[in-house]
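Each residue of the sequence shown is one higher than the last, beginning at 553 in the numbering used here.
Backbone N, C-alpha and C define an ideal beta-carbon position, used for all residues, glycine too.
Since the structure is predicted, the reported quantities are computational estimates derived from the model, not experimental observations.
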Amino acid sequence: MSVFNQWFRGTTLLAVGWLLFQFYIIFYPQVPLIQKPVHVAFALAFCFLVFPLSKGALGKKLRWLDWIGIVVSCLIGIYFVADQTRILYRMTFIEDVLLRDYVGCILLTLMLLEGTRRTTGMGLVYVLIFFLAYSFLGPWFPGWLKFKGINLSQLTEVLFLSDNGIFGIPTGVSVDYLFYFVLFGSLFGASGGGQLFTDLGLKVTSKTKGGPAKASVISSGLFGMISGSAVANVTVDGIFTIPLMKKAGYSSAEAGAIEAISSTGGQLMPPVMGAGAFIMAEMLGMPYFDVAKSAALPAVAFYLSLFLIIDFKARKTGIGSLSDEQAQIQIRVLPRLYLLFPVILLVYFIANDYSVTWAIVWTIVALIVVSYFQKETRLTPARFMQGCLDGVKQVTQVAVPIGGIGIIIGVTVQSGLAMKFSSMLMDITGGNILLTYFMVIVGCIILGMGLPTVAAYMIGAILFVPPLIDFGLTPLAAHLFVFYYSVLSMITPPVALAAYAAAGLANESVSKVGWTAFRLSLVIFLIPFVFIYDPGMLFQGPLSGILIASLTTVFGITTWAAFVVGYFLGSLNPIERGLFLIVSLGLIAPTVAGTWIPSLILFILLVAWRFFRSRLHRSFPRRAP
């Protein structure tokens, strides 16, 4: 079906208008308080166009309500452009708020609430409503939540007429970075890049034990560098790898769980890491490359742990490789490797401190050029427009809730809630740092159960990062700690959004896939404790510290995989399994001399023992009675 048919006509025009605006401000930048409102207006208008109020016959009858939302959204953007001189030069909290400002603030808030409902569901909407109610009803809240309240004039100043609310840092990230990265990811997929990553994973692992599952880990990690979305990763990669895993001998629950975990890790894998990493860089005031570099070792540890569990299980249970017929799909991998050039170019630009926006723009240009090397990857006008439409739709699903979260940021800052929450957490935990970590983890996972990752991270950053910094963590470690557990909520039951997507492809219950994913990824939940205690894991400190942190983490993950599967150079007996658990916890724990040195010695002894046992078993195999 052509993208230029009747149904797409309005969508295409709006998407083209948004694209033209985004590329216009690259060459002719506007002040932030103009760029951000227009960006949000486009996102809301596109949201009401592609996410109708209702489906079916009822949706057609109520379509006029969608058009009202589109018109109101456009008028809000026009309002800021038309009245920009007054808005830009007025003195905040000194000059009067005009009636039209009140009306604009109320309408924008209502549009964001409805747009957030359509893109993410009611979970985030309930949170937004709570914070709006809290802003007015502060004097009637009990205990530490009580404050003098915010009137409508103050709320309009904060949310609508300044860059401290809806048009704050997160929306700025959406305008300056997120739009272009998501567009690149969509065009990369349209050119066959996602399929290339899947085929590349199969090419590398097709002849190894557990090959299809390992292919899922590799392809999801590669595609996750571009997409930064767990659910999108599952739908692109899992539709092919999950059936192959089931054919190879994995259960439906295991196949779905492996794909869910692999796809979730994409949000932690540089260079893109999803919207949260860009917001983190802005909040920390540091180059994005420094954030991506610091996240590299934890991301590698994430995928290594899953890869080892898959390998040990395949060796223990005899799960084999792909058959020759199943492996035919990756015959033509090498002729398509030119599609990797834009990705390599992007990493080069970011690593060399080029402007992130210009880096991704030139990467998009490079992708368009190299796509024409072969007919099957060519971004023809129709395919290019479809990729743009898909990209704009994906941006909408993030930009609208990001605007909504601006409400939370504005209310939190104006009410002083963040500082109060930090004091409250200190009082509850009595200054116990481990209890504080546990409460932060639970809070991040609960937030992530009902919210998109970027929303969960931003709320977590507002509430949990200040107390973590008070306990002595560096700002970078504190933000990564919160971000990591916000991402892991995607595979944490009972919700586990990535498991939901994988369960449908695996024809298995969400509960089984979710709990299997949680069990297989349990060691991953310990990785943040490595980098909060040892900055070497974040590429900080001397080279010796970085090497020690890396090696002890790798050895710890290896021994954990052996414990979980019960295999290391052969099946383990209960005593050996228990020793591997002890070594694993000792190596993954804080790398102080009293912990990691004895554990490393025991690890070497265990490996030597298992090597001796395996050689002995091969030399003198047991005979059947």
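Starting from residue i, trace the alpha helix (DSSP H) in both directions and tell me its first and last residue.
i: R652; result: 651–672
i: M838; result: Looking at the DSSP string, M838 is not in any alpha helix (DSSP H), and its letter there is neither H nor E.
i: P1126; result: 1126–1140
i: T644; result: First-last for T644: undefined, no H or E at that position.
i: I1098; result: 1095–1117
i: E709; result: 704–711
i: G962; result: 933–967
i: I628; result: 615–634
i: Y900; result: 893–903
i: F600; result: 584–602
i: V913; result: 908–923
In whole angstroms, give me the CA-to-CA distance for residue i and residue j.
i: F688; j: I916; result: 46 Å
i: L1157; j: S1123; result: 17 Å
i: Q966; j: S1073; result: 39 Å
i: G956; j: A827; result: 15 Å
i: V720; j: G1024; result: In the sequence as presented, Val is not what sits at residue 720; that position holds Gly. Each residue's alpha carbon lies about 27 Å from the other.
i: M838; j: D728; result: 15 Å
i: S907; j: G569; result: 24 Å
i: Y1119; j: A1160; result: 15 Å
i: K798; j: A807; result: 6 Å
i: Q882; j: Q747; result: Confidence in Q882 is poor, its pLDDT being 49 and thus under 50, which makes the residue's placement too unreliable to answer from.
i: V624; j: L585; result: 19 Å
i: P823; j: L752; result: 19 Å
i: G1056; j: G939; result: 25 Å
i: V1062; j: R669; result: 23 Å
i: K868; j: F1163; result: 16 Å
i: S781; j: D789; result: 12 Å
i: A934; j: G656; result: 38 Å
i: M937; j: E834; result: 31 Å
i: L730; j: T723; result: 9 Å
i: D715; j: Q587; result: 11 Å
i: L566; j: I620; result: 15 Å
i: V583; j: T909; result: 16 Å
i: S803; j: P581; result: 53 Å
i: T672; j: L680; result: 12 Å
i: I702; j: A685; result: 10 Å
i: I1149; j: R1165; result: 24 Å
Just to confirm, are residue i and residue j a CB contact at a threshold of 9 Å?
i: L889; j: F736; result: no
i: F1070; j: A1048; result: yes
i: I1079; j: S771; result: no
i: R652; j: Y631; result: yes
i: I577; j: V725; result: no
i: A767; j: T787; result: no
i: L796; j: T1105; result: no
i: V947; j: V734; result: yes
i: V592; j: A812; result: no
i: S974; j: L999; result: no
i: L1152; j: F1083; result: no
i: G962; j: I718; result: yes
i: E709; j: T637; result: no
i: G762; j: A866; result: yes
i: G995; j: F1016; result: yes
i: L601; j: G629; result: no
i: I1014; j: T981; result: no
i: T932; j: G744; result: no
i: A853; j: L1032; result: no
i: V1034; j: I954; result: no
Please name the residue, chosen from the options, that lies closest to residue i on a Cα-to-Cα basis.
i: G675; options: F841, A1008, V1082; result: A1008
i: L711; options: I1079, W914, I960; result: I960
i: I862; options: Q582, F1115, I1140, S1166; result: F1115
i: G741; options: L892, L650, F1033, W1112; result: L892
i: I912; options: S923, F594, I896; result: I896
i: I1109; options: D1022, Y855, F901; result: Y855
i: E666; options: I622, G1138, L931; result: I622
i: G1093; options: W1112, T1026, S1041; result: T1026
i: I902; options: I920, D842, K945; result: D842
i: D635; options: P1150, P589, L1040, Q949; result: P589
With a threshold of 8 Å (Cβ to nearest heavy atom), would residue i be considered close to the ligand ZN?
i: P694; result: This structure simply doesn't include the ligand ZN, nor any ligand for that matter.
(request) Can you check the segment 724–761 for any alpha helix (DSSP H) of at least 4 residues that lies completely inside it and give the ranges in chain order? (result) 731–742, 745–757
(request) Would you mind listing the alpha helix (DSSP H) stretches within the segment 781–808 that are 4+ residues and don't spill past its ends, in chain order? (result) 782–785, 791–800
(message) So within the segment 1038–1093, which uninterrupted alpha helix (DSSP H) runs reach at least 4 residues, ignoring any that extend past its ends?
(response) 1049–1058, 1062–1072, 1079–1085
(message) Report the start-end ranges of each alpha helix (DSSP H) in the segment 978–1027 that is 4 residues or longer and not cut off at the edges.
(response) 985–1002, 1005–1022
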